Structures are given as C-alpha cells and as structure tokens.
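In the working numbering, the protein residues as written are 5 to 361.
Quick reminder that beta carbons are idealized off the backbone N, C-alpha and C, glycines included.
Owing to the predicted nature of the structure, the values given are computational and were not obtained by experimental measurement.
For reference, the structure is listed below as structure tokens.
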Ligand code: SAM
Ligand code: SF4
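Written as structure tokens, this is what we have:
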C-alpha cells in the first residue's frame, strides 16, 4: 500500500481535485470565473506526473474540474492516459487510482462527447444546474435573459440524457446534479429542482453559497442554511437521514416514498452552517500547477519547479508530502467562530474557478 502521510490534524490524503482551466462558458455570479487562463498551464505529461505523485501519497479519487473542464480539449486524452494507474493491484506499494469523476455545467456535453468520456474511462459525472426555468438559470449563470437561460437549461437536460445513454448510471451514483442555492437568487427553485431530480432518478446535491474568492459579493444573509433546505423539501416529500460518508462533503437523505428510485437521494453540502473540516481529505491543484490544501486558502504551493523542464517524480512526491504533513487548514470551522462582519472581511481567498470547487 502507498504510505499516506497525515496532516497536523491527523487527516489522510484521499481526493485530488484537479482544475483544468479557470475559464468558463458561463458566468455564475457566485463563482465569477476568469476570462483568460493564467500563463503556463500544465501539460499532459506534467498532469500525469502530478496525479501519479498524489496517488503515491494516498489519493484514490480524482475529480476533474475547472472553470469548465469540457473547454479543455485534452480531457479525454488525460483520462485515457490515467488508466494504467487504475489497473494497479490492491496493495501495490505505489498506490492505485480507484475513480475518476468530472464536475461540469454540462453545456458542452453532447452525445458524442459523453460517449468519448465513457470510452476514455471516466467513472462519474456531476452536472451543475441551479434552476428549472429560463429566468432562474439565467440569473444564476450570469446570462442576459430568460431566453438565454432557457437555451442553457435545454442543453443541460440534454446532457443528462446523453450521459445516461453513454452508460453513466444514476442508480449507481455515476450521474448526479449539483445546485448552489442563494437566498435571493434561487431559493424558490428548491422544490422544482428536487422534483426534476426525482423524475430523472438523480441524486441532487444542494450546496450552501460559500465565501470562496473575493469577487462574488458573499454575505452571510445570502446563505440558505442546509437545514432549511432539507426542511422545505421534506415538507413536500418526507425524508429520512442516511448520514455523511466518511470524508464525504454531503449529508444525505432518502425520500420516504421511494420516489425517484435508488439513485434519487438528496444531499446537502453545509460547509457554512455545519463545516466538516475535521474530516477533509482533499487536495486541490490549479490548472497552472499550484497546490492548495483548503478551498478557502489564499495561496498555494507552486509545483512547477518540480515539473519543469521535466517532471522529477521523487522531488515532486517529497514536496507534496511535506505540504500535506504541514497542513493545518480548517477555515470553515474557524469561520463558524467569527462574527458575521469578521467572516466577510476576515480573509482573502483564491477564486473558485481557479480552485475548481
Ligand atoms: N464549471 C463546472 C460546474 O459548474 O460544475 C465545474 C467547476 S465549478 C467551480 C464546481 C462546483 O462549484 C459547481 O457545482 C458550482 O456550482 C460550485 N460553486 C461555485 N461557486 C460556488 C460558491 N461560491 N459556493 C458554493 N458552490 C460554488
Ligand atoms: Fe462556470 Fe462552474 Fe463557475 Fe458556473 S460554477 S461560472 S459553470 S465554473
């Protein structure tokens, strides 16, 4: 087995979130993506070296994200090139990658792309959708009006169909829906989104609006607490708790009426009102090769010195091991102890689309 270092709070490394670009084809105001990527994006061999180094330190799950990862032309090639890490035997001292997942807004997920991703070896897709009508989607995705929102909605609904037809099975957790909920933006979409997910047999993950980045105008008043989301949906369709998986981000609920079938759980990600830092096993690497040990961190470790001109696997692994061993972040839990004003002004964070969520 790969030897997994523990951080200063005794947490192992398990999940790598790799951002492939900070750019996006949408402009969700809670995220505020970049219009340009920073110079010096990582190359395919550099990304492979990075993933392999983190697998050696305990990473078993890779999530590809952005910005919008479907904008990255080398996505399928990267997934295919990672397959040898998947095929390692249990107990291999170099570790093994068990799962490759993707988070996407789905706009570019046509039938052919979904098939290509499946063929390349992608295991799971999470699609993000914050409303079920054109006006709500437009508001949450930063689009001009209801017609533009309606067009995006149609594409995401088609993406759900294409992913399912390509073989991503919601009943086996291979296709899920994410929605960020803000009090004044789309709180009225809770029931419509839950109804859509039940109809489609999908797990819906409702995410509290987080104070990631410095430009999304986050205010505590805009956060709809997860408990309130669960209460509102539970009043329409009674729910029973399933709990939070070890190292998971979502607390999960099952519909008592069995509506939507085995895949249609409800998950809530309550990183503001019920932080789960104590259990966090995630490392984030940006498209230009900076490693962040917390979603709310301001700075990351630039890994390019160990990647250029050629990847140096031993030095890279040593740098990452040192970073993880020194990790002490627990920003969400610390925020919970701050006053609202201090939480707003307290820290500068890297932007969400740079870190990849
Ligand atoms: N573009 C892709 C997408 O939207 O799924 C992947 C990148 S996006 C940064 C990853 C996830 O972060 C999305 O589900 C998005 O809704 C979520 N997200 C972005 N900004 C957020 C914020 N301020 N608070 C909570 N979740 C956020
Ligand atoms: Fe783009 Fe995703 Fe950010 Fe929305 S949340 S702007 S889709 S990167």
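- Judged by their CB atoms, residue 212 and residue 132 are not nearer to each other than the 8 Å cut-off.
- Within a 10 Å sphere around the beta-carbon of residue 315 sit 16 or more other beta-carbons, which makes this residue buried.
- Beta-bridge analysis with DSSP links residue 223 to no other residue.
- Relative to residue 95, the option among 59, 325, 338, 186 whose CA is nearest is 59.
- Of 21, 173, 250, 134, the smallest CA-CA separation from residue 268 is found for 173.
- Secondary structure remark: continuous alpha helix (DSSP H) runs of at least 4 residues inside the region 186-235, in chain order: 194-204.
- One Cα belongs to residue 361, the other to residue 285, and the distance between them is close to 14 Å.
- Here the distance from the Cβ of residue 277 to the nearest heavy atom of the ligand SAM is not below 7 Å.
- With a cutoff of 7 Å, residue 307 does not count as near the ligand SF4, since its C-beta is closer than that to no heavy atom of the ligand.
- In the DSSP assignment, residue 272 falls outside any alpha helix (DSSP H) and within the unbroken beta strand (DSSP E) covering 270-273.
- By the Cβ test, the region 116-129 is in contact with the region 160-171, since at least three Cβ pairs between them sit closer than 8 Å.
- Between the alpha carbons of residue 186 and residue 38 lies a distance of about 21 Å.
- Within the chosen limit of 7 Å, the ligand SAM does not reach the beta carbon of residue 153 with any heavy atom.
- For residue 257, the pairing in a beta bridge is given by DSSP as 245, 270.
- Short of 7 Å from the beta carbon of residue 149, and not among the five residues preceding or following it, lie these beta carbons of its own chain, in chain order: 142.
- The Cβ-Cβ distance between residue 198 and residue 206 does not fall below 8 Å.
- A Cβ-Cβ distance of about 18 Å is found for the pair residue 108 and residue 289, leaving them out of contact under the 8 Å criterion.
- Cβ neighbours of residue 328 within its own chain (closer than 6 Å, five residues either side excluded): 9, 11, 17.
- The C-alpha of residue 302 lies about 32 Å from the C-alpha of residue 194.
- In the three-state scheme derived from DSSP, where H, G and I count as helix and E and B as strand, residue 85 is classed as helix.
- Taking C-alpha positions only, residue 84 is separated from residue 41 by approximately 24 Å.
- A Cβ-Cβ contact shorter than 8 Å links residue 243 with residue 234.
- According to the DSSP assignment, residue 103 belongs to no alpha helix (DSSP H) but to the beta strand (DSSP E) extending over 103-108.
- Across the structure, residue 332 and residue 162 are spaced so that their CA atoms are roughly 42 Å apart.
- In this chain, the alpha helix (DSSP H) harbouring residue 336 covers 335-340.
- Judged by beta-carbon spacing, residue 30 lies within the 8 Å limit of residue 111, meaning their Cβ atoms are closer than that value.
- Looking at the backbone, the Cα of residue 323 and that of residue 306 are separated by about 10 Å.
- Residue range 48-59 is occupied by the alpha helix (DSSP H) that includes residue 51.
- The Cβ atoms of residue 283 and residue 45 lie no closer than 8 Å to each other.
- Taken from the Cβ of residue 160, every heavy atom of the ligand SAM lies 7 Å or farther away.
- Not one heavy atom of the ligand SF4 lies closer than 7 Å to the C-beta of residue 212.
- In terms of Cα proximity to residue 224, the closest of 188, 249, 178, 246 is 188.
- Counted as a single uninterrupted DSSP element, the alpha helix (DSSP H) harbouring residue 139 occupies residues 138-145.
- The beta carbons of residue 28 and residue 70 sit about 6 Å from each other, so the pair counts as a contact at 8 Å.
- The beta carbon of residue 245 sits closer than 6 Å to those of 257, all from its chain and outside the five residues before and after it, given in chain order.
- Residue nearest to residue 221 within the set 67, 355, 53, 65 is 355 (criterion: CA-CA distance).
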